[in-house]
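These protein sequences, in sequence, are chains E and A. Numbered by the UniProt record's numbering, the letters in the first sequence go through residues 1 to 327 in order. Numbered by the UniProt record's numbering, the letters in the second sequence go through residues 1 to 327 in order. Where is the CB? At the ideal position from N, CA and C, for every residue including glycine.
Protein chains: 2
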Amino acid sequence: MAATMRDVAALAGVSLKTVSRVVNLEPHIRPEVIRRVRAAIAELGWVPNGSARALRTGRTNVVAVAVPHLQRPYHALLAEALVVESNRRGMQAAVEPTHRDPARVEAVLSSVGRSFDGALVMGRLPDGLDPELLRTRPVVLVQAEPVDGVDAVSVDLVEAASLLARHLVVMGRRRPALIGWDRFTSGEAVIAAALSPDSPDTLPRVSGVTTRADGAAAAESLLASSPDVDAVVCASDEIATGVLHVLAERGIEVPRAVAVTGFDGIDEGLFATPSLTTIDPGPAALARHALDLLLDGLSSTPPQAGRHVLAPVSLVRRETTLGQGVA
Amino acid sequence: MAATMRDVAALAGVSLKTVSRVVNLEPHIRPEVIRRVRAAIAELGWVPNGSARALRTGRTNVVAVAVPHLQRPYHALLAEALVVESNRRGMQAAVEPTHRDPARVEAVLSSVGRSFDGALVMGRLPDGLDPELLRTRPVVLVQAEPVDGVDAVSVDLVEAASLLARHLVVMGRRRPALIGWDRFTSGEAVIAAALSPDSPDTLPRVSGVTTRADGAAAAESLLASSPDVDAVVCASDEIATGVLHVLAERGIEVPRAVAVTGFDGIDEGLFATPSLTTIDPGPAALARHALDLLLDGLSSTPPQAGRHVLAPVSLVRRETTLGQGVA
């Protein structure tokens, strides 16, 4: 027969309450008592049952952070920011990589109310996801396309595009090309309109680009089809890293011949050679807004929903546009 | 009064069993039925209670992946591999960033048996963690220092050091320096013995180095104190990236003047300029071994424990040792 908490208390010579306090990592318990209780737990093979506890309180105090791919550095950076902010608000966070599989996102959402009190869903939503699932629970979308009736926090893409366009004009660039802007909802339209208001459709562009290897392949194809390009405007720092690799291989000087810009402000761009001009979306501020919305959604009855916070971005000017030794 | 599952079934005109199947995302339910049940759930504001379910089955089918820092690219890479392998074995995985805080690791471990069926604990353990907590539960350490009585999977550091040392000798390097090898248990001793068996203690070295910025600072200090170094042997690709940045700034040619090696095999090293020679620890194989041990620990009574799997590594030769245009 399985051991009970009562057995543990008896073997350790303490009260049930003390066993509970040790198991829940409460403060101010004498180390000697903790050791005795843990030894009893180990000897009896007792497994503390938190499901019973969650059943009583109706809250788990855990928030799910659904992230498409931890191997995308910006996803990892933003996930980390969401976890840190959850902790700051007294919640635990569990990061759930979904690989943009609708079944995985649905599994996370359907665990809200059991394993999780709420969910923060990061990045573009997978095709085929039932939007009803997003509406029935405390959910906040973070840097996803907005969904009617669901709270969301996004970066100000129009501002980002405008900052990039003005900087490139100041640096004398007249023939920009785009890589990977379909990453963002309406991304290609927004950046093309900022860079070339009169003829946005004529800008050379490569879509469907995510990894460094994709970025390298996109750069090869741009150099072949549009050899007079003088700026490559990338939708992520990862893509830009692949582009820089190809330009270095070909002996094309950056930024003298071709300027390069990224997006995301990951650490890697600062240490790239040359260092990468980029847009910093401010992950810490995004996380604060997201937790504000989520906690408000958890506590208000009926819950507010469908609010949309647009967070400001900043341009980080570095060597891939300014020139080496300047930044 | 809060809505019940019975209310949902009545409103949707289906059986309790059907509501349960929809909530648990079981296959082969007609889309029309799914929509009706979800509409009823939304209308009544019913929250499915998984805690009750976990209480009945005693299993959550979720494994915790405790990872120090998602912003360290290799931690994110290995976490992703552990999640993918957990999914392949039919388990959900929750990634828990711990920031090497003993209280956070203890919180994850104390949730085993409630929120989680078991835990995979990655990387060096935080100081002050009570090893008893590791012994009482289904836990597997992944690339951590071994703890008596706890299952563990590690990379073969001696083999890695030997591969690096032989390659550097073949490439004509005689005056190597070490950066960051205290990352691994006995790391400095193992790599120094491989590189300089006769006088391991005389190798220049910098310890306590983690980020790209740390790596850059360490390179500055090495160049000042040991200007004749002809190879910088880094304990991570991140550190190596910081070193490459400083060498490029100073106009020091890699590898003609100084060769550089990393460790981890992250994607960033392949796209660095020049591309980075590194050790690939084989995260997919590490994850397979870790899940083998964990699932075995979950199913066997009394559980096996204290087994130690040493996984082989491989050397990835690239431009920072071979020269540009060669790799």
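Cα-Cα, which of the options is closest to residue i?
i	options	result
Gly265 of chain A	A:Ala259, A:Ser275, A:Asp280, A:Ala257	A:Asp280
Leu129 of chain E	E:Ala144, E:Arg72, E:Ala93	E:Ala144
Ser314 of chain A	A:Val105, A:Ser199, A:Thr277, A:Arg72	A:Thr277
Glu249 of chain E	A:Ala259, A:Val232, A:Phe271, A:Asp148	A:Phe271
Ser86 of chain A	A:Ala287, A:Gln324, A:Ala311	A:Ala287
Val258 of chain A	A:Asp230, A:Thr185, A:Ser196, A:Ser275	A:Asp230
Thr98 of chain E	E:Arg88, E:Leu109, E:Leu223	E:Leu109
Pro255 of chain A	A:Asp127, A:Val153, A:Arg173	A:Arg173
Pro102 of chain A	A:Gly118, A:Glu132, A:Phe263	A:Glu132
Val246 of chain E	A:Glu32, A:Leu310, A:Phe263, A:Gln324	A:Gln324
Arg100 of chain A	A:Gly118, A:Gln92, A:Asp127	A:Asp127
Thr210 of chain E	A:Ala224, A:Thr210, A:Asp267, A:Phe184	A:Asp267
Assuming residue i contacts residue j (C-beta within less than 8 angstroms), just tell me the rounded distance between them.
i	j	result
Pro138 of chain A	Gly297 of chain A	4 angstroms
Ala3 of chain A	Val19 of chain A	Rounded, the Cβ-Cβ distance is 11 angstroms, inconsistent with contact.
Gly180 of chain A	Ile239 of chain A	5 angstroms
residue 328 of chain E	Ala217 of chain E	Nothing about residue 328 of chain E can be read from this structure; chain E reaches only from 1 to 327.
Thr273 of chain A	Leu244 of chain E	7 angstroms
Val158 of chain E	Val190 of chain E	6 angstroms
Leu164 of chain E	Thr60 of chain E	Wrong, their Cβ atoms sit about 42 angstroms apart, outside the cutoff.
If you measure between the beta carbons of residue i and residue j, is that distance less than 8 angstroms?
i	j	result
Leu120 of chain A	Val142 of chain A	yes
Ala235 of chain E	Gly187 of chain E	yes
Arg212 of chain E	Gly242 of chain E	yes
Ala94 of chain A	Ala94 of chain E	yes
Ala161 of chain A	Ala107 of chain A	no
Val62 of chain A	His75 of chain A	no
Asp151 of chain A	Leu295 of chain A	no
Leu134 of chain E	Val155 of chain E	no
Ala177 of chain A	Ser221 of chain A	no
Met122 of chain A	Val37 of chain A	no
Val105 of chain A	Ala290 of chain A	no
Asp182 of chain A	Gly215 of chain A	no
Pro283 of chain E	Leu70 of chain E	no
Leu11 of chain A	Leu44 of chain A	yes
Arg175 of chain E	Asp228 of chain E	yes
Ala311 of chain E	Val153 of chain E	yes
Pro73 of chain E	Pro197 of chain A	no
Check whether the Cβ of residue i lies closer than 8 angstroms to any Cβ atom in chain A.
i	result
Phe263 of chain E	no
Ser115 of chain E	yes
Ala76 of chain E	yes
Val14 of chain E	no
Arg212 of chain E	yes
Ala9 of chain E	no
Thr273 of chain E	yes
Ala216 of chain E	yes
Thr136 of chain E	yes
Pro38 of chain E	The sequence given here places Arg at residue 38 of chain E; Pro does not occur at that position. Yes, contact with chain A.
Leu120 of chain E	no
Shorter than 8 angstroms from the beta carbon of residue i to some beta carbon of chain E?
i	result
Ile41 of chain A	yes
Glu96 of chain A	yes
Leu244 of chain A	yes
Thr241 of chain A	yes
Gln143 of chain A	no
Thr278 of chain A	no
Ser51 of chain A	Any answer about Ser51 of chain A is weak, because its pLDDT of 47 lies below 50 and its placement is not dependable; what the coordinates show is given next. Closer than 8 angstroms: yes.
Val83 of chain A	yes
Pro73 of chain A	yes
Gly268 of chain A	A quick correction: the sequence has Glu, not Gly, at residue 268 of chain A. Yes, Glu268 of chain A counts as interfacial toward chain E.
Glu80 of chain A	yes
residue 342 of chain A	Only positions 1 to 327 of chain A appear in the structure, and residue 342 of chain A is not among them; the question remains open.
Glu132 of chain A	yes
Ala107 of chain A	yes
Ala248 of chain A	yes
Leu70 of chain A	yes
Margin query: With three or more beta-carbon pairs closer than 8 angstroms as the criterion, would you say the segment 78–85 of chain E touches the segment 27–35 of chain E?
Written below: They do not touch, by the three-pair rule.
Next item on the list: May I ask you to verify whether the segment 310–325 of chain A touches the segment 111–120 of chain A, counting CB pairs closer than 8 angstroms and requiring at least 3?
Entry: Cβ pair count under 8 angstroms is below three, so no.
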